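Here's the structure we're looking at; comments come further down.
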Amino acid sequence: MALTEKYQPLIDIANQNGVQNLQIAEQDGVLYVTGTTNNGDVKQQLWDKYGELDPDYRAGDLVLNINVEGGGYEEYTVVPGDSLSKIGKHWGKNWKEIWDLNREVIGENYNLIHPGQKLKIPR
Numbered sequence: 000m001a002l003t004e005k006y007q008p009l010i011d012i013a014n015q016n017g018v019q020n021l022q023i024a025e026q027d028g029v030l031y032v033t034g035t036t037n038n039g040d041v042k043q044q045l046w047d048k049y050g051e052l053d054p055d056y057r058a059g060d061l062v063l064n065i066n067v068e069g070g071g072y073e074e075y076t077v078v079p080g081d082s083l084s085k086i087g088k089h090w091g092k093n094w095k096e097i098w099d100l101n102r103e104v105i106g107e108n109y110n111l112i113h114p115g116q117k118l119k120i121p122r
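Residue numbers (numbering that gives the first Met the number 0): 0 to 122.
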């Protein structure tokens with residue numbers, strides 16, 4: 000199955016929600032999806048769909064780079080099996096950046112996050 004077919008539901012969400020400058024390119028067995036939105040919820044919908052299509056994010060065949068205009072941070076809800084490094088990898092951030100922004104939620108033990116926690120992800 001071609002990667003564009005595998006990730007078509009994700010691409011459809013991007014198109015339906017008006018992601019600007021949407022570019023889809025496959026290179027060396029990796030599908031690159033890039034674009035810009037002004038709505039952080041759209042970016043979260045894309046990540047949620049990615050999680051459905053590749054639940055453990057193990058395939059390593061998608062780079063999802065959707066920028067949200069306006070700076071600040073995105074909000075992410077922790078799901079079972081998450082870790083700061085896993086979250087950081089998929090948002091293109093270092094786990095320490097996420098921990099630093101969320102110490103009041105996570106506490107001092109950065110290895111202990113819980114499903115349902117809402118974390119800020121720097122843009």
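In this text, a Cβ means the ideal position worked out from N, Cα and C, and glycines have one as well. Fair warning: this is a prediction, and the values are worked out from it, not measured in the lab.
- Less than 8 Å separates the beta-carbon of residue 34 from that of residue 18.
- Taking a cut-off of 8 Å for Cβ pairs, the stretch 48 to 68 and the stretch 18 to 30 touch, as three or more such pairs fall below it.
- Judged by DSSP in its simplified three-state form, residue 109 adopts coil rather than helix or strand.
- Here the alpha carbons of residue 53 and residue 98 stand approximately 25 Å from one another.
- Its Cα nearest to that of residue 89, the residue 59 stands out among 112, 59, 67, 108.
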